[in-house]
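Okay, structure first, notes after.
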Amino acid sequence: MADDYLVRIGKLIRDARQHRGWTQTQLAEALGTSQSAVNRIERGNQNISLEMIARIGEALDSEIVSLGYAGPMHLRVVGGRRLSGAIDVKTSKNACVALLCASLLNKGRTVLRRVARIEEVYRLLEVLNSIGVRTRWINDGVDLEIAPPAELNLSAIDAEAARRTRSIIMFLGPLLHRTDRFMLPYAGGCDLGTRTIEPHMIALRRFGLDIAATEGQYHAVVDRSVAPDRPIVLTERGDTVTENALLAAARHDGITVIRNASSNYMVQDLCFFLEALGVKVDGIGTTTLTVHGVPTIDVDVDYSPSEDPVEAMSLVAAAVVTESELTVRRVPIEFLEIELAVLEEMGLDHDRSPEYFADNGRTRLVDLTVRPSKLEAPIDKIHPMPFPGLNIDNVPFFAAIAAVAQGKTLIHDWVYDNRAIYLTDLNRLGGRLQLLDPHRVLVEGPTRWRAAEMMCPPALRPAVVVLLAMMAAEGTSVLRNVYVINRGYEDLAERLNSIGAQIEIFRDI
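In the numbering used here, the protein residues as written are 1310 to 1818.
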């Protein structure tokens, strides 16, 4: 029995290491041991203490075993079931995290309605609480109230929580208005390859922010004599880059023009929120934003972020992959029009309701009904583009959709270094995906899905894609350590169960 557990633990460690992209030698160096010792551990041929398992989990950022609190969460999926009924799209994860960062601009009370209760939000709340910001869930835990202190205690920042979210990078814009010197831990989040912060720095240097990165910390110094004297041209039309520039411009006493700005959904929500704070923003929805900053913001504000188009796409994909008829309600249609146009060309049978407004009064929503369809592979490749193109985060869902379509589909994920690699995990479930290079994968369908037990990919959207394929596969599958899914989705398993899925949450060790 003991030997069996050693083999199982060794397999978990091996899978976590491979998903991290490390060799046995790299893991050995992180642990201060030898490659041969790691090899023995992974083969189940060496006794291993709980302390060593915990150290390995920390090195790989994977909760292989947890000491003193609940262990990692896994999902057991009974597949081959049809979905039915209707499901509402939750509020945008990416908008919510941006608004949490933006609340640092305001000296008054901020209330955010229907905030996504996800791990990414919890990590940011832990960071905010550690520096003195008071937060509490109100209205039966649906809404969030935020009240900042007169002075932030940045020396007490929760470094562990900060390192588990890339969103911490968006503290730079607000904090440069609060203090002349501060430190932030390096940004973490999904394992998607090298993602430099240089585009952020190019924008924020125009507000006097200088950063030195040493020993796991960003050391920030602000020169108050520096201010933008001409339009800021972003070198990358990225969402968080644009948001950081907006956050810096919001309390700059003057007019800031931001060019090559993202006009994506979370950026628009941030602009709407800034307007509620009294900051005028011209050009919302375009690539040129003009921000009329105000040096002091002290208002009580109540704001409702809009729905999440990426969650909407994942629910549409769930219906397609499981060959189900499903109504997805409160879909932000402006941010899914290209995806739906591609799906229409592939043969998707669907219809949509008349448009209506989200609770923010600005974002257009529809209810979307998807029916079982005989899909054909698209003639052109699937590739992302900045809004209004196909959303970067929606590309992985087309891997699962292409897998049930007749023919071959080329998916070109040019933005991230590793994400296309993680999509080939679908091969463990019966998919036929050929990795052409780190950015391109060729998907051949239709697929006869089969059940499997596997470790969750360390990137959010590929992890959900694997879960959707498990829902389509006859038999029982197991997806281990789903923390990354909980970073971006609220109660996803329970909500999928409400429309006919059979997913059990469990923990072990």
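Positions of the beta carbon are idealized from the N, C-alpha and C atoms, including for glycine. The model shown is predicted, which means the values in this text are computed figures rather than measured ones.
DSSP state of Tyr1276 mapped onto helix, strand, coil: What is shown of the chain runs 1310 to 1818, which leaves residue 1276 out entirely.
Could you check what DSSP says for Leu1624 in three-state terms: helix, strand or coil? Looking at Leu1624 - three-state DSSP - the assignment turns out to be helix.
From Ile1593 to Arg1671, what distance separates their C-alpha atoms? Distance between the alpha carbons of Ile1593 and Arg1671 is about 11 Å.
DSSP state of Pro1508 mapped onto helix, strand, coil: Pro1508 falls in the helix class under three-state DSSP.
Taking the C-alpha atoms as reference points, what is the distance between Leu1376 and Ile1365? Only weak support is given to the placement of Leu1376: the predicted model assigns it a pLDDT of 46, under 50, and the value that follows is read from those uncertain coordinates. Each residue's alpha carbon lies about 13 Å from the other.
Whose C-beta lies closer than 8 Å to the C-beta of Phe1491 among residues of the same chain, with five residues either side of it excluded? Cβ within range, chain order: Leu1463, Leu1484 and Ala1529.
Note the first and the last residue of the continuous beta strand (DSSP E) segment covering Gly1394. DSSP places Gly1394 in no beta strand (DSSP E); its state is neither H nor E.
Does the stretch 1648-1663 come close enough to the stretch 1381-1396 to have 3 or more Cβ pairs within less than 8 Å? Under the Cβ criterion (8 Å, minimum of three pairs), the stretch 1648-1663 does not count as touching the stretch 1381-1396.
Within the same chain, show all residues whose beta-carbon is closer than 7 Å to that of Ile1350, passing over the 5 residues directly before and after it, in chain order. Correct list, in chain order: Gly1319, Ile1322 and Ile1357.
Can you give the beta carbon distance from Ser1393 to Ile1812, rounded, assuming they're within the 8 Å contact cut? About 16 Å; that fails the 8 Å criterion.
My guess is that Thr1636 and Thr1678 are in contact by the Cβ rule of under 8 Å, so how many angstroms apart are they, rounded? So it is a contact: roughly 5 Å between Cβ atoms.
Could you give the first and the last residue of the continuous beta strand (DSSP E) run that contains Tyr1612? Unbroken beta strand (DSSP E) run through Tyr1612: Val1610 to Tyr1612.
Span of the alpha helix (DSSP H) around Gly1366: Segment Leu1359 to Leu1369, the alpha helix (DSSP H) holding Gly1366.
Could you please give me the residues that DSSP links to Leu1744 through a beta bridge? Val1750.
Inter-residue CB distance, Leu1513 and Ala1471 (contact presumed, cutoff 8 Å): Not confirmed; about 18 Å, so no contact.
Cα-Cα separation between Leu1501 and Asn1727, rounded to whole angstroms: Model confidence at Leu1501 stands at a pLDDT of 35, short of 50, so the residue's coordinates are unreliable; what they give is reported in the following sentence. The alpha-carbon atoms of Leu1501 and Asn1727 are separated by roughly 5 Å.
Can you give me the start and stop residues for the alpha helix (DSSP H) that Pro1494 sits inside? Bounds of any alpha helix (DSSP H) do not take in Pro1494; it lies within the beta strand (DSSP E) bounded by Arg1490 to Pro1494.
Taking Cβ to Cβ, would you say Leu1732 is nearer than 8 Å to Pro1687? No, Cβ-Cβ distance for Leu1732 and Pro1687 is not below 8 Å.
Check whether the stretch 1641-1655 touches the stretch 1434-1441, counting contact only when three or more Cβ pairs, one atom from each stretch, lie closer than 8 Å. The stretch 1641-1655 and the stretch 1434-1441 do not touch, with fewer than 3 CB-CB distances between them shorter than 8 Å.
For Asp1452, the first and last residue of its enclosing alpha helix (DSSP H): Taken as a continuous stretch (DSSP letters only), Asp1452 belongs to no alpha helix (DSSP H), being part of the beta strand (DSSP E) at Asp1452 to Ala1456.
Just to confirm, is the Cβ distance from Arg1326 to Leu1336 under 8 Å? Annotated as proximal: Arg1326 and Leu1336, with beta-carbon spacing under 8 Å.
Helix, strand or coil for Asp1883, going by three-state DSSP, please let me know. As shown, the chain starts at 1310 and ends at 1818. That puts residue 1883 outside it, with no answer to give.
So for Leu1801, helix, strand or coil by DSSP? If DSSP states are grouped into helix, strand and coil, Leu1801 belongs with the helices.
Length of the line joining the Cα atoms of Ala1802 and Ile1396: Computed Cα separation, rounded: 13 Å.
Could you check the C-alpha separation between Thr1613 and Asp1668 for me, to the nearest Å? According to the sequence displayed, residue 1613 carries Ser and not Thr. If you take the alpha carbons of Ser1613 and Asp1668, they lie about 6 Å apart.
Check whether Ala1712 and Ile1720 have beta carbons under 8 Å apart: No Cβ-Cβ contact shorter than 8 Å links Ala1712 with Ile1720.
Nearest candidate by alpha-carbon position, reference Val1451, set Glu1469, Tyr1431, Val1442 and Ala1425: Measuring from the Cα of Val1451, the nearest candidate turns out to be Ala1425.
Applying the criterion that 16 or more other CB atoms from any shown protein chain within 10 Å of the CB defines a buried residue, is Tyr1378 buried or exposed? Bear in mind that a pLDDT of 47 at Tyr1378, under 50, signals an unreliable position, so the number given afterwards is only what the model happens to contain. Exposed, since its Cβ has fewer than 16 Cβ neighbours within 10 Å.
I need the boundaries of the alpha helix (DSSP H) containing Ile1477, first residue and last residue. Where Ile1477 is concerned, there is no enclosing alpha helix (DSSP H), given that its DSSP letter is neither H nor E.
Gly1656 and Leu1699 - do their beta-carbons sit closer together than 8 Å? No, the pair does not count as a contact, with Cβ atoms beyond the cut-off.
Tell me whether the stretch 1786-1794 and the stretch 1762-1777 touch, counting them as touching only if at least three CB pairs, one residue from each stretch, are closer than 8 Å. Taking one beta carbon from each stretch, the stretch 1786-1794 and the stretch 1762-1777 have 3 or more pairs nearer than 8 Å; the two touch.
Three-state secondary structure (DSSP) of Thr1286: Summary: the structure shown does not reach residue 1286, with the chain confined to residues 1310 through 1818, and so no result is reported for it.
Rounded separation between His1561 and Leu1579 - CA only: Our two residues, His1561 and Leu1579, have alpha carbons roughly 16 Å apart in a direct line.
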